[in-house]
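Undergrad:
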Amino acid sequence: AADRHTKDEL
Amino acid sequence: MNLFRFLGDTAHLASILVLIHKMHTTKSCRGISFKTQALYVAVFVTRYLDLFYRWVSLYNFFMKLFFIGSSCYILFLMKTKFRPTQDPAIDTFRIEYLLGPCTVIALIFNYKFSPTEILWSFSIFLESVAILPQLFLLQRTGEAETITTHYLAALGIYRALYIPNWIYRYFTEGVVDPIAITAGLVQTGLYIDFFYVYVTKVLQGQKFELPA
Numbered sequence: 001a002a003d004r005h006t007k008d009e010l
Numbered sequence: 001m002n003l004f005r006f007l008g009d010t011a012h013l014a015s016i017l018v019l020i021h022k023m024h025t026t027k028s029c030r031g032i033s034f035k036t037q038a039l040y041v042a043v044f045v046t047r048y049l050d051l052f053y054r055w056v057s058l059y060n061f062f063m064k065l066f067f068i069g070s071s072c073y074i075l076f077l078m079k080t081k082f083r084p085t086q087d088p089a090i091d092t093f094r095i096e097y098l099l100g101p102c103t104v105i106a107l108i109f110n111y112k113f114s115p116t117e118i119l120w121s122f123s124i125f126l127e128s129v130a131i132l133p134q135l136f137l138l139q140r141t142g143e144a145e146t147i148t149t150h151y152l153a154a155l156g157i158y159r160a161l162y163i164p165n166w167i168y169r170y171f172t173e174g175v176v177d178p179i180a181i182t183a184g185l186v187q188t189g190l191y192i193d194f195f196y197v198y199v200t201k202v203l204q205g206q207k208f209e210l211p212a
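In order, the protein sequences belong to chains X and P. Everything in the first sequence is counted per the numbering used here, starting at 1 for the first residue and increasing by one. Everything in the second sequence is counted per the numbering used here, starting at 1 for the first residue and increasing by one.
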């Protein structure tokens, strides 16, 4: 699931 | 971006503006935990290090700058102009008990064992508990100015709205972020007691007072 996380949230 | 996240971010933004507004209009930071505010600076600085190497969007960029800038500004106000109105004697939560465990958990749970990823994880875990010194202060004094409760309510709404955002993202984009979701659920849970009193008292026009 890690690579599906986009880190675009604040 | 979806509506839940956008409204959540808006509530977050509003909470900070309410806090700054409260300080300027009452010329006081009474009832505000300096420790919680300092933890938020640590949260934003460690999480938004990616400003230097990851471009997301103009919205994301300016929001990050705003959160870092405004949280530093709040600390500055509390340490300068409104320092006399601050009472460290009631702001006694031991933040070592938050920083220590968050560091350990971030070292264990992260998406990659790299400095920036560990700091990112740390910021997520720390944000989930950063409100505790503030809630502890509230518990100690047993009451709060109405505007302070609006600040806390806006922060709680911000957290609550991130939950439908994750559900929505799971179904539309297939995106799952276990670290953010776990920490987010914990963080939202911390507001439940507060919200109960806020809804049953403040929204009915009464003063925020905890039952004895």
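All C-beta atoms, glycine included, are put in the ideal place defined by N, C-alpha and C.
Counting only runs of 4+ residues fully inside the stretch 51–109 of chain P, write out the alpha helix (DSSP H) ranges in chain order.
TA: 58–79, 96–108
Undergrad: Around the C-beta of residue 9/P, are 16 or more other C-beta atoms found within 10 angstroms, so that it is buried, or is it exposed?
TA: Buried, since its Cβ has 16 or more Cβ neighbours within 10 Å.
Undergrad: Kindly indicate if chain X contains any beta-carbon less than 8 Å away from that of residue 67/P.
TA: yes
Undergrad: Using a Cβ cut-off of 8 Å (strictly closer), state whether residue 63/P contacts chain X.
TA: Under the 8 Å criterion on CB atoms, residue 63/P is classed as interfacial with respect to chain X.
Undergrad: If you draw a straight line from the alpha carbon of residue 6/P to that of residue 59/P, how long is it in whole angstroms?
TA: Those two C-alpha atoms are separated by around 10 Å.
Undergrad: From the beta carbon of residue 175/P, is the nearest beta carbon of chain X less than 8 Å away?
TA: At least one chain X Cβ lies under 8 Å of residue 175/P.
Undergrad: With a threshold of 8 Å on Cβ separation, who are the neighbours of residue 132/P within its own chain once the five nearest residues in sequence on each side are excluded?
TA: 36, 93, 98, 190
Undergrad: Of all the residues that make up the stretch 128–140 of chain P, which are near chain X by a beta-carbon distance shorter than 7 Å?
TA: none
Undergrad: Pull out every residue of the stretch 43–60 of chain P whose Cβ sits closer than 8 Å to any Cβ of chain X, in chain order.
TA: 50, 54, 56, 57, 60
Undergrad: What distance in whole Å lies between the Cβ atoms of residue 121/P and residue 106/P, which are believed to be in contact at a cut-off of 8 Å?
TA: So it is a contact: roughly 4 Å between Cβ atoms.
Undergrad: Using a Cβ cut-off of 8 Å (strictly closer), state whether residue 1/X contacts chain P.
TA: Below a pLDDT of 50, predicted positions are generally treated as unreliable, and residue 1/X, at 41, falls in that range; the measurement from the model is reported next regardless. So yes, residue 1/X belongs to the interface.
Undergrad: DSSP state of residue 2/X, grouped into three classes?
TA: The predicted position of residue 2/X is uncertain, since its pLDDT is 44 and thus under 50; a value taken from the coordinates is nonetheless stated next. Helix, per DSSP.
Undergrad: What are the residues of the stretch 146–157 of chain P that lie near chain X, defined by any Cβ-Cβ distance shorter than 8 Å?
TA: none
Undergrad: Starting from the beta carbon of residue 5/P, find every residue of chain X whose beta carbon is closer than 8 Å, and list them in chain order.
TA: Taking a Cβ-Cβ threshold of 8 Å, the residues of chain X close to residue 5/P are 9, in chain order.
Undergrad: Would you decide whether residue 134/P is buried or exposed? Buried here means 16 or more other CB atoms lie within 10 Å of its CB.
TA: Per the 10 Å Cβ criterion, buried.
Undergrad: Is it true that the CB of residue 183/P sits closer than 8 Å to the CB of residue 113/P?
TA: In this structure, residue 183/P does not lie closer than 8 Å to residue 113/P by Cβ.
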